[in-house]
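Residue numbering for the sequence shown follows the working numbering, beginning at 183 and increasing consecutively. Glycine is no exception: its CB is placed at the ideal position from the N, C-alpha and C atoms. A quick write-up on the structure given underneath.
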Amino acid sequence: MGFTSIPSSANAVSTNLLLTVSSFADSSVWTGLVQIFILIGALLVGNTLRRAIPFMRKSLIPSALLGGTIVLLLKLIPAVNEFINNDLMETVTYHCLALGFIATALKKNTGNKKTSTKAILESGVLQGSVYSMQAMLGIGITILLSVVAGFPLAAGGVLLALGYGQGTGQALNYGKIFENDYGFQGGTTFGLSIAAIGFFVASIVGVVYLNILRKRGKLRVISADERVVEHKLEDYVGDNEIPNTESVDKLTINVAVVVAIYAVVYGIMSLVKINLVWGFNFLLGSLLALFTRLLLNFFTKKKVIKREITNNFLLDRISGFMFDMMIIAGVAAIDWNQFSTMWWQLLIICTVGAVATFVYIRLVSNNIYKGYEHEGFISMFGMLTGTASNGMILLREIDPKLETPAASNMVLSGLPAIAFGGGLLLVLGYCPKGLTESIITFAILLVACVAFNLVLFRNKLFRRRGKAAPVEEVAPAESTPDDTPQ
Numbered sequence: 183m184g185f186t187s188i189p190s191s192a193n194a195v196s197t198n199l200l201l202t203v204s205s206f207a208d209s210s211v212w213t214g215l216v217q218i219f220i221l222i223g224a225l226l227v228g229n230t231l232r233r234a235i236p237f238m239r240k241s242l243i244p245s246a247l248l249g250g251t252i253v254l255l256l257k258l259i260p261a262v263n264e265f266i267n268n269d270l271m272e273t274v275t276y277h278c279l280a281l282g283f284i285a286t287a288l289k290k291n292t293g294n295k296k297t298s299t300k301a302i303l304e305s306g307v308l309q310g311s312v313y314s315m316q317a318m319l320g321i322g323i324t325i326l327l328s329v330v331a332g333f334p335l336a337a338g339g340v341l342l343a344l345g346y347g348q349g350t351g352q353a354l355n356y357g358k359i360f361e362n363d364y365g366f367q368g369g370t371t372f373g374l375s376i377a378a379i380g381f382f383v384a385s386i387v388g389v390v391y392l393n394i395l396r397k398r399g400k401l402r403v404i405s406a407d408e409r410v411v412e413h414k415l416e417d418y419v420g421d422n423e424i425p426n427t428e429s430v431d432k433l434t435i436n437v438a439v440v441v442a443i444y445a446v447v448y449g450i451m452s453l454v455k456i457n458l459v460w461g462f463n464f465l466l467g468s469l470l471a472l473f474t475r476l477l478l479n480f481f482t483k484k485k486v487i488k489r490e491i492t493n494n495f496l497l498d499r500i501s502g503f504m505f506d507m508m509i510i511a512g513v514a515a516i517d518w519n520q521f522s523t524m525w526w527q528l529l530i531i532c533t534v535g536a537v538a539t540f541v542y543i544r545l546v547s548n549n550i551y552k553g554y555e556h557e558g559f560i561s562m563f564g565m566l567t568g569t570a571s572n573g574m575i576l577l578r579e580i581d582p583k584l585e586t587p588a589a590s591n592m593v594l595s596g597l598p599a600i601a602f603g604g605g606l607l608l609v610l611g612y613c614p615k616g617l618t619e620s621i622i623t624f625a626i627l628l629v630a631c632v633a634f635n636l637v638l639f640r641n642k643l644f645r646r647r648g649k650a651a652p653v654e655e656v657a658p659a660e661s662t663p664d665d666t667p668q
């Protein structure tokens with residue numbers, strides 16, 4: 183006896199049900215979530231590889247960068263490439279940049295007194311000088327390339343300062359503006375590629391540099407036990423804060439404050455209605471977060487607000503998550519087709535930028551970070567080619583307990599760096615208008631570099647004649663036989 187055939191009406195119902203499920207799975211709700219699944223999965227795989235492979239662990243390459251690289255390599259497979267939504271990856275990068283900066287700017291000042299106002303200001307000037315130098319070198323190279331090799335945008339090299347100096351989010355913002363508004367075909371991928379290369383430069387060059395110094399006996403080797411930093415309760419919970427769990431979880435409150443500030447940022451940018459302002463979402467968010475922090479402090483002192491709403495530890499976790507997602511999505515958003523048409527131009531720009539940044543920061547560090555030259559250099563180099571996380575990771579290799587002022591300089595110099603580097607943001611809307619504007623921008627950046635260096639090297643440049651310069655005593659760095667920490 184054969185199987186009884188299913189009635190045609192039942193077949194129709196089954197087919198309709200499958201179509202409905204398939205349609206729901208392909209809906210915008212699941213499309214976005216699937217892309218998030220890819221990013222999170224790549225992060226976990228990258229973290230696993232970094233922990234399991236000794237070479238990866240010693241390289242200090244961030245897990246987020248490994249995850250993004252995995253997605254980028256998988257995109258070489260046509261079927262996978264079609265499955266990954268580049269627009270959504272760019273959107274994640276764009277928004278996570280601003281949200282991470284807002285969370286960072288909301289943090290309360292813990293009263294760290296390890297550094298001085300002079301060191302903070304000079305660190306801010308150093309960052310502004312590096313931005314100007316990177317932008318000047320980049321735009322100088324692309325001006326030449328546009329004349330002799332037909333490079334699509336003479337001002338395109340200015341993205342070196344954004345990809346190296348300011349990271350994935352800014353490189354994406356202005357790469358996309360250059361592409362959409364000024365005809366820089368592949369501008370988005372160009373900016374994102376510079377940022378991705380910058381992460382590798384920060385990690386690999388930084389580690390090689392540290393190992394060379396160790397072999398020469400110029401740095402003390404840090405044991406695994408010394409690298410373990412003990413935390414106290416006050417590192418996680420501040421005085422007079424809202425409970426961890428009440429009617430609303432404390433994490434939820436902190437996320438809500440960050441998102442609320444970003445909503446105000448969106449409202450302001452919508453009212454302004456200038457295309458360029460959309461690239462300043464992170465800066466506007468940071469300023470509003472600082473203003474919000476001042477308001478919260480004021481109303482707390484006046485007893486209008488009875489308890490502290492924000493928590494530094496949770497804000498650190500929020501910003502850390504946002505920056506990790508930004509890095510993965512930014513690397514994953516690189517378009518292989520556009521990358522393949524400009525790889526040699528990228529190689530020239532990124533190589534010149536890496537060498538110049540290394541040599542320049544090393545020179546300045548010897549001048550302004552007396553007594554902790556290596557710590558000051560490695561933290562700033564990591565930050566100004568990769569991100570602040572790269573700088574902090576490298577710094578912990580030689581200063582695990584953050585006993586030198588290097589970490590404080592990194593954190594507290596952010597605001598003066600925005601002020602001193604703000605001129606770069608002002609020329610970004612001018613330089614891509616044409617070759618003449620690019621050349622004028624190059625000249626402006628050159629003047630800015632000279633001005634910054636007059637400040638940084640003022641003591642050496644303006645010594646009074648006839649008087650010997652005072653000799654500063656610097657404690658010698660401790661050294662031990664060559665060894666590599668496990």
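| Query | Result |
| --- | --- |
| Excluding the five sequence neighbours on either side, which residues of its own chain have a C-beta within less than 6 Å of the C-beta of G568, listed in chain order? | G380, F381 and A384 |
| Please identify the residue among A353, N268 and S452 whose C-alpha is closest to the C-alpha of T213. | N268 |
| Tell me whether E557 sits in a helix, a strand or coil according to DSSP, three-state version. | helix |
| Output needed for I456: all residues of its chain with C-beta closer than 6 Å, excluding positions within five of it in sequence on either side, in chain order. | none |
| Nearest by alpha-carbon distance to E304: which of M592, A511 and I626 is it? | M592 |
| Is the number of C-beta pairs between the stretch 493-507 and the stretch 274-292 that are closer than 8 Å three or more? | yes |
| Report back the beta-carbon spacing between S547 and E555 to the nearest angstrom; my notes put them in contact at under 8 Å. | 5 Å |
| With 16 as the cutoff for other CB atoms within 10 Å, does A234 come out buried or exposed? | exposed |
| Using only alpha-carbon positions, find the residue among A445, I600, L528 and F624 that is nearest to F333. | L528 |
| Could you tell me whether the Cβ atoms of M318 and L608 are closer together than 8 Å? | no |
| Between which two residues does the alpha helix (DSSP H) harbouring Y346 extend? | From DSSP, Y346 is part of no alpha helix (DSSP H); its letter is neither H nor E. |
| Going by DSSP, which residues form a beta bridge with E423? | E490 |
| Would you say Q367 and L342 are within 8 Å of each other, going by their C-beta atoms? | no |
| The alpha helix (DSSP H) that contains G373, what's its start and end? | G369 to F382 |
| Excluding the five sequence neighbours on either side, which residues of its own chain have a C-beta within less than 7 Å of the C-beta of G605, listed in chain order? | A630 |
| With a threshold of 8 Å on Cβ separation, who are the neighbours of G467 within its own chain once the five nearest residues in sequence on each side are excluded? | A280, L281, F283, I284, A287, I443, Y444 and V447 |
| Within a Cβ cutoff of 7 Å, which residues of the same chain sit near L470, ignoring the five residues on either side of it in sequence? | I443, V446 and V447 |
| Does the stretch 614-624 come within contact of the stretch 342-351, defined as at least 3 CB pairs closer than 8 Å? | no |
| Relative to the C-alpha of G339, which candidate in F634, R645, F624 and A538 has its C-alpha closest? | F624 |
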